[in-house]
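Inspection log for the structure reproduced underneath, given as structure tokens.
Number of protein chains: 2
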Amino acid sequence: MTTQPAGTTVHSSQPYNAEPPRTALADRDLTPVDAFYHRNHAAERPRLDPATWALRVDGMVERPATFSLDALRERFREHSEVVTLQCAGNRRAGLMEVADPPGETPWGPGATGTARWAGVRLADVLREAGVAPGATDVAFTGADVAEEADEPYAVSVPLEKALADEVLLAWSMNDAPLPSAHGAPVRVVVPGWIGARSVKWLERVTVADEPSRGHFQAVAYRLLPADDAPAPGRGVALGPIAVNADVLSPADGAEVPAGPVRVTGDALAGGDRTVVRVDVSTDDGATWHEADLEPQASRWSWRHWHTTLDLPAGTTRVVARAWDSAAGVQPADPAELWNPKGYVNNSWARVTLHAVASGGG
Amino acid sequence: MTTQPAGTTVHSSQPYNAEPPRTALADRDLTPVDAFYHRNHAAERPRLDPATWALRVDGMVERPATFSLDALRERFREHSEVVTLQCAGNRRAGLMEVADPPGETPWGPGATGTARWAGVRLADVLREAGVAPGATDVAFTGADVAEEADEPYAVSVPLEKALADEVLLAWSMNDAPLPSAHGAPVRVVVPGWIGARSVKWLERVTVADEPSRGHFQAVAYRLLPADDAPAPGRGVALGPIAVNADVLSPADGAEVPAGPVRVTGDALAGGDRTVVRVDVSTDDGATWHEADLEPQASRWSWRHWHTTLDLPAGTTRVVARAWDSAAGVQPADPAELWNPKGYVNNSWARVTLHAVASGGG
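The listed protein sequences correspond, in order, to chains A and B.
For the first sequence, full-length UniProt numbering begins at 1 and goes up steadily by one.
For the second sequence, full-length UniProt numbering begins at 1 and goes up steadily by one.
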């Protein structure tokens with residue numbers, strides 16, 4: 001395993017689920033591979049041999065095909081894109097303070113990260129295979145078999161998204177070969193959508209006329225009403241990500257000197273939207289002031305922000321929220337959006353800072 | 001003037017600004033022209049002669065051109081689309097209960113409506129003119145001159161949106177010629193975006209490499225922080241609409257028989273999103289139940305919903321909220337999003353119903 005940053009939280013070892021501390025994500029466009037969150041469903045990670053690996057493209061296509069890794073590299077142009085991935089369970093811990101979604105991983109704000117991904121456009125591969133009339137969805141099947149589902153991990157995206165320039169079949173992460181832990185030899189990267197659609201250890205791309213009936217789309221990763229329970233087809237499949245933000249530095253609970261304190265964080269608009277404003281409050285949202293936005297590394301990446309707060313000695317709760325380019329804003333309270341599987345907590349971010357007067361107060 | 005429904009609110013007569021009562025919008029896919037809201041900036045409405053009217057296409061195009069109405073009809077294929085328009089000031093009255101944005105029209109929930117619009121695709125016209133390399137935005141100029149700006153009404157949309165299939169130059173509304181009051185002979189219809197971009201009495205389409213510097217994009221129709229004041233370039237230009245909903249029937253304040261009461265409303269996701277769920281609460285959001293969604297007339301139209309509430313005798317506040325296809329949800333409280341110009345109130349909808357027991361209680 002790689003060298004993970006101090007403060008990494010391992011939620012489970014089989015399957016391996018882990019997130020970095022928030023400070024490891026702060027102030028850099030690209031998240032180092034060692035600090036990138038791990039979200040697995042299978043107890044054992046697939047280890048695929050790139051020399052024998054092949055991608056099957058089938059379903060509603062005119063020319064079903066199988067591509068070796070070399071064939072993908074030779075046949076199609078390489079593209080790269082800086083993309084933020086974010087788990088639908090990111091920030092679930094905030095929902096668990098309202099009520100516990102049993103059996104779910106208590107993700108903090110670290111189930112997100114940004115990398116430069118390189119590979120081929122899914123659209124180029126689909127055009128080569130020829131999408132048949134009537135097709136509406138494109139499913140991805142990975143080599144990992146989750147215990148909870150007893151079937152290979154499989155989900156889909158609408159054909160319109162599958163054909164968009166930004167969707168990649170990636171073999172490279174941050175200018176190095178894609179690590180086994182992140183889906184080698186090839187994974188899907190679906191910018192703007194929940195991480196669950198960016199299938200790792202990809203083995204098959206299937207064009208169809210309906211969304212995937214796989215467990216992780218038909219049962220899991222769905223938004224359920226608070227009084228409902230998971231069952232096939234209940235609720236709504238999660239897809240694009242809603243606007244979200246968090247404070248990344250200082251750490252939650254940190255002791256800081258009283259006076260001016262630099263506070264930084266991330267924000268992600270989701271879908272094809274951008275973050276246009278981030279507000280910070282030290283009075284629980286009664287008043288806000290605007291943070292400064294950093295330039296975005298790409299249309300599909302998070303947006304870092306920073307501000308300086310003049311903190312009096314004592315404890316301050318810092319609240320942050322983002323607005324997207326449709327003037328969509330985060331809801332205030334996790335209780336408003338509590339749901340049985342604990343997804344999409346995009347309520348206002350809150351961290352507590354303890355400011356200590358330099359005189360030793 | 002047309003025959004407007006009883007209960008229409010005329011906010012001002014010069015410029016003419018008016019909205020129908022919410023019940024006039026309830027339970028029908030298409031809003032009758034008589035019930036469609038009027039939002040004007042000029043004291044006098046332009047009256048253009050279709051026989052002499054011409055559309056100029058200029059700026060960063062390879063073949064600047066002028067089209068008469070007949071030329072548009074002959075040269076390009078007609079397309080129609082069911083589209084909901086919504087003013088950025090819709091539901092401003094809810095923000096005014098928090099604090100008054102001075103000088104702004106106190107719109108209720110009726111500054112929205114849905115029509116079948118027919119005309120030509122803007123993309124077809126732009127392709128005929130040939131968009132020059134480096135172009136990024138497409139501006140629309142109307143014939144109306146607002147007193148507050150002393151310049152013809154002009155705004156723009158990004159080139160990517162301008163080239164999308166759904167953007168129309170429309171001469172027909174609900175299968176009849178576009179009325180003068182709604183922009184005849186030709187208006188722009190920009191689905192998913194604030195109504196302010198759907199320019200009426202269109203005279204000019206200008207391709208450019210920057211957004212419009214017109215008053216109604218550079219100064220007005222911008223989201224400002226609560227402690228800021230309008231000035232050129234301050235805040236963020238509003239564009240796509242954030243998810244929103246309202247109760248349309250029964251009317252706010254209505255007296256109804258105690259027992260089962262059918263409650264209906266509208267919801268709009270904005271941008272290219274769809275409404276995936278609407279929740280209704282009778283305990284101010286402590287608990288919710290899911291409303292039934294009606295089929296959508298088109299991808300670009302609102303979504304009606306209905307539910308039946310069992311109302312006890314007495315006063316009940318009914319709260320509704322919608323979720324979009326990115327799991328974006330409306331914020332609870334208008335105070336959270338109060339802004340100096342009073343735009344984008346997409347806080348939870350609230351109406352009060354008075355239920356009377358049949359025994360005469």
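Every residue, glycine too, gets a C-beta built ideally from N, C-alpha and C.
From the options, pick the residue whose C-alpha is nearest to that of residue i; which is it?
{"i": "residue 185/B", "options": "354/B, 52/B, 317/B", "result": "52/B"}
{"i": "residue 325/A", "options": "84/A, 10/A, 142/A, 274/A", "result": "274/A"}
{"i": "residue 364/B", "options": "284/B, 4/B, 197/B, 205/B", "result": "No statement about residue 364/B is possible, as the shown extent of chain B runs from 1 to 361 and does not include it."}
{"i": "residue 351/B", "options": "316/B, 217/B, 149/B", "result": "316/B"}
{"i": "residue 163/A", "options": "68/A, 205/A, 329/A", "result": "205/A"}
{"i": "residue 290/B", "options": "301/B, 296/B, 278/B", "result": "278/B"}
{"i": "residue 135/B", "options": "153/B, 327/B, 161/B, 94/B", "result": "161/B"}
{"i": "residue 116/B", "options": "303/B, 172/B, 57/B", "result": "172/B"}
{"i": "residue 228/B", "options": "338/B, 193/B, 313/B", "result": "338/B"}
{"i": "residue 247/A", "options": "58/A, 125/A, 43/A, 108/A", "result": "108/A"}
{"i": "residue 110/B", "options": "84/B, 133/B, 131/B, 69/B", "result": "84/B"}
{"i": "residue 79/A", "options": "65/A, 48/A, 123/A, 63/A", "result": "123/A"}
{"i": "residue 152/A", "options": "288/A, 217/A, 311/A", "result": "217/A"}
{"i": "residue 224/A", "options": "323/B, 295/B, 286/B", "result": "323/B"}
{"i": "residue 342/B", "options": "336/A, 327/A, 348/A", "result": "327/A"}
{"i": "residue 265/A", "options": "176/A, 300/A, 318/A, 255/A", "result": "318/A"}
{"i": "residue 43/B", "options": "149/B, 133/B, 27/B", "result": "149/B"}
{"i": "residue 255/A", "options": "70/A, 287/A, 321/A, 357/A", "result": "357/A"}
{"i": "residue 288/A", "options": "336/B, 127/B, 26/B", "result": "336/B"}
What span of residues does the alpha helix (DSSP H) with residue i cover, start to end?
{"i": "residue 327/B", "result": "Residue 327/B -> no alpha helix (DSSP H), and no H or E assigned at all."}
{"i": "residue 218/A", "result": "215-218"}
{"i": "residue 337/A", "result": "334-337"}
For residue i versus residue j, is the C-beta spacing smaller than 8 Å?
{"i": "residue 353/B", "j": "residue 261/B", "result": "yes"}
{"i": "residue 138/B", "j": "residue 169/B", "result": "no"}
{"i": "residue 292/B", "j": "residue 307/B", "result": "yes"}
{"i": "residue 369/B", "j": "residue 96/B", "result": "As shown, chain B starts at 1 and ends at 361. That puts residue 369/B outside it, with no answer to give."}
{"i": "residue 222/B", "j": "residue 202/B", "result": "no"}
{"i": "residue 182/A", "j": "residue 200/A", "result": "yes"}
{"i": "residue 67/A", "j": "residue 54/A", "result": "yes"}
{"i": "residue 105/B", "j": "residue 92/B", "result": "yes"}
{"i": "residue 334/B", "j": "residue 98/B", "result": "yes"}
{"i": "residue 155/A", "j": "residue 212/A", "result": "yes"}
{"i": "residue 355/B", "j": "residue 258/B", "result": "yes"}
{"i": "residue 167/A", "j": "residue 189/A", "result": "yes"}
{"i": "residue 39/B", "j": "residue 142/B", "result": "no"}
{"i": "residue 380/B", "j": "residue 45/B", "result": "Nothing can be reported for residue 380/B: it is not among the residues displayed for chain B, which extend from 1 to 361."}
{"i": "residue 76/A", "j": "residue 10/A", "result": "no"}
{"i": "residue 18/A", "j": "residue 62/A", "result": "no"}
{"i": "residue 332/B", "j": "residue 332/A", "result": "yes"}
{"i": "residue 345/B", "j": "residue 103/B", "result": "no"}
From which residue to which residue does the beta strand (DSSP E) around residue i run?
{"i": "residue 59/A", "result": "54-59"}
{"i": "residue 65/A", "result": "65-68"}
{"i": "residue 19/A", "result": "16-19"}
{"i": "residue 203/A", "result": "202-208"}
{"i": "residue 355/B", "result": "349-356"}
{"i": "residue 159/A", "result": "Segment 159-162 is the alpha helix (DSSP H) holding residue 159/A; no beta strand (DSSP E) there."}
{"i": "residue 168/A", "result": "168-173"}
{"i": "residue 187/A", "result": "187-189"}
{"i": "residue 310/A", "result": "303-311"}
{"i": "residue 9/B", "result": "9-13"}
So residue i and residue j are supposed to be a Cβ contact under 8 Å. How far apart are they, rounded?
{"i": "residue 263/A", "j": "residue 280/A", "result": "7 Å"}
{"i": "residue 41/A", "j": "residue 15/A", "result": "6 Å"}
{"i": "residue 101/A", "j": "residue 250/A", "result": "Actually they are not in contact, since the Cβ atoms of residue 101/A and residue 250/A sit about 29 Å apart, beyond 8 Å."}
{"i": "residue 305/A", "j": "residue 114/A", "result": "At roughly 14 Å, the Cβ-Cβ gap does not stay under 8 Å, so residue 305/A and residue 114/A are not in contact."}
{"i": "residue 226/B", "j": "residue 245/B", "result": "Between residue 245/B and residue 226/B the Cβ distance is about 24 Å, and since that is not below 8 Å, they are no contact."}
{"i": "residue 329/B", "j": "residue 236/A", "result": "That pair is no contact at about 12 Å."}
{"i": "residue 158/B", "j": "residue 192/B", "result": "Not really, about 12 Å apart at Cβ, beyond 8 Å."}
{"i": "residue 82/A", "j": "residue 29/A", "result": "7 Å"}
{"i": "residue 35/B", "j": "residue 5/B", "result": "5 Å"}
How about residue i: is its C-beta nearer than 8 Å to some C-beta of chain D?
{"i": "residue 56/A", "result": "In the structure shown, chain D does not exist; the protein chains are A and B."}
- Task: With a floor of 4 residues, list each alpha helix (DSSP H) that falls wholly inside the segment 76-150 of chain A, ordered by position along the chain.
- Result: Counting whole runs of 4 or more residues, the segment 76-150 of chain A contains the alpha helix (DSSP H) stretches 92-96, 122-129.
- For the segment 267-300 of chain A, list the beta strand (DSSP E) runs that are entirely contained and at least 3 residues long, ordered along the chain. 275-281
- Segments assigned alpha helix (DSSP H), at least 4 residues, entirely inside the segment 212-259 of chain B: 215-218
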